[in-house]
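Chains as they are written, first to last, in our numbering: chain B, 81 to 285; chain G, 81 to 285. Built from N, CA and C at the ideal position, the CB exists for glycine as well.
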DNA sequence: TGACTGACAGATATTGAAATCTGTCAGTCA
DNA sequence: TGACTGACAGATTTCAATATCTGTCAGTCA
């Protein structure tokens, strides 16, 4: 355990391991130091606080989980299909996590609840990816003229039911897949290019 | 406190009062009995358990909170505006609760978390109201042909971000009103009558 | 007779003393 | 000299003893 010098990277790896094994409630800085064969004081030379260390672990996890989504956002799939694929992948990734390893997922969630800043940035990056798909779709004529960032936020909000971890208890309900497909259909219909002149009884305020 | 005979109604009123004052964590059956000037054994002649009593209180609260929404669903406002009004009212009611009396709201939420059954029924009733608005809109030609119950669920899911109590911590963020308006616009666009023949690169599976 | 009481068993919650943890820093050691 | 240690103060958590609560039921009383 005591190879080479102590680096932030080695501490991060150990912290991740300790968090996995002990869970967010029991993992202590002393545990991390012990796993590295150093005193806990040494950890504080590289991370200002326990909170900072946990946040760094969280950021690593978030960055890794973003990679496949980024790849989709950058792909050349036609924008409507790309958007579908992006959201389906997001949802599936979360589902796999929660159903596959609930304890680890709970650990994630606990760290996320502590680190509002990191989460806000993560959400912003996700919405940027959506916005880039929307912009491509507007350019190609697959979507109607719209403000990509604002519409991205609307889409992200609209699908929160299916990706926000706090609602994961709903993800096992019957008809969940159909409900998600239904929602994507509705949203994509709302993004479609301007229809025939809208017939309205009153100009919708 | 010891007027007339002991009825379920009097017990419910006392229980509601005790819950308000002590909160969901401290309110006990003994407290309720004390407020009524009877022994706690008497309470069990009318309610099978503490859980049943709490659920009855919750059902009362839910029924009261539904009334204004039911009125809107039954109104003759043109369906698109009616749908907007319904969701805006739902959102505003929740916001008023959470911002106006957070402790009471927390009490609600705690009871709701215990009573899955009652909540499921409540959600079903809400979605029935939405479906009735949708059906009216389909009939009038304001909405495209769609399956009202399925679309109602999609709409309810899509707006969860703005009405699900577990997400109330987001309701104070800047731009919240704009985001909600944006989402409603997108959803209503998705409900609009069939546009010009949809141009698609691939038939969207 | 039937609504109500109150004592009881087992389950749950509270409490405060003891243990552990976080974050600091003067001192060690290579 | 500078990475690391380990003892320390104050904050937080644990744990077991104690108190309270839930749900039952034989018995009271009007």
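To the nearest angstrom, how far is the alpha carbon of residue i from that of residue j?
i, j, result
"residue 200/B", "residue 207/B", "11 Å"
"residue 99/G", "residue 110/G", "12 Å"
"residue 86/B", "residue 107/B", "19 Å"
"residue 123/B", "residue 96/B", "14 Å"
"residue 165/G", "residue 150/G", "12 Å"
"residue 134/G", "residue 213/G", "32 Å"
"residue 154/G", "residue 211/G", "12 Å"
"residue 195/B", "residue 132/B", "9 Å"
"residue 191/G", "residue 181/G", "16 Å"
"residue 129/G", "residue 173/B", "41 Å"
"residue 142/B", "residue 202/B", "7 Å"
"residue 228/B", "residue 259/G", "13 Å"
"residue 184/G", "residue 230/B", "34 Å"
"residue 159/G", "residue 113/G", "48 Å"
"residue 89/G", "residue 117/G", "15 Å"
"residue 156/G", "residue 216/G", "10 Å"
"residue 120/B", "residue 104/B", "18 Å"
"residue 147/G", "residue 204/G", "15 Å"
"residue 250/B", "residue 257/B", "11 Å"
"residue 268/G", "residue 270/B", "7 Å"
"residue 170/B", "residue 162/B", "12 Å"
"residue 273/G", "residue 233/G", "19 Å"
"residue 193/G", "residue 127/G", "20 Å"
"residue 115/G", "residue 102/G", "12 Å"
"residue 209/B", "residue 255/B", "28 Å"
"residue 186/G", "residue 189/B", "21 Å"
"residue 94/G", "residue 197/G", "23 Å"
"residue 91/B", "residue 125/B", "11 Å"
"residue 253/B", "residue 252/G", "29 Å"
"residue 145/B", "residue 144/G", "43 Å"
"residue 152/B", "residue 167/B", "10 Å"
Give the range of the alpha helix (DSSP H) segment to which residue i is assigned.
i, result
"residue 187/G", "182-194"
"residue 253/B", "Looking at the DSSP string, residue 253/B is not in any alpha helix (DSSP H), and its letter there is neither H nor E."
"residue 121/G", "120-123"
"residue 148/B", "130-154"
"residue 102/B", "88-102"
"residue 233/B", "228-238"
Let me check you understand the geometry: is the CB of residue i closer than 6 Å to at least one non-hydrogen atom of the ligand PLP?
i, result
"residue 153/G", "The ligand PLP is not part of the structure shown, which contains no ligands of any sort."
DSSP three-state call for residue i: helix, strand or coil?
i, result
"residue 108/B", "coil"
"residue 257/G", "helix"
"residue 241/G", "helix"
"residue 171/G", "helix"
"residue 176/G", "helix"
"residue 126/G", "coil"
"residue 221/B", "coil"
"residue 246/G", "helix"
"residue 274/G", "coil"
"residue 158/G", "coil"
If we count Cβ pairs, one from each stretch, closer than 8 Å, do we get three or more for the stretch 209-223 of chain G versus the stretch 131-138 of chain G? Not touching, per the Cβ criterion.
Hey, is the stretch 229-242 of chain G in contact with the stretch 250-265 of chain G, meaning 3+ C-beta pairs nearer than 8 Å? Counting Cβ pairs under 8 Å, three or more are found: they touch.
Check whether the stretch 239-257 of chain G touches the stretch 166-181 of chain G, taking contact to mean three or more Cβ pairs, one atom from each stretch, closer than 8 Å. Contact between the stretch 239-257 of chain G and the stretch 166-181 of chain G is present, with at least three C-beta pairs closer than 8 Å.
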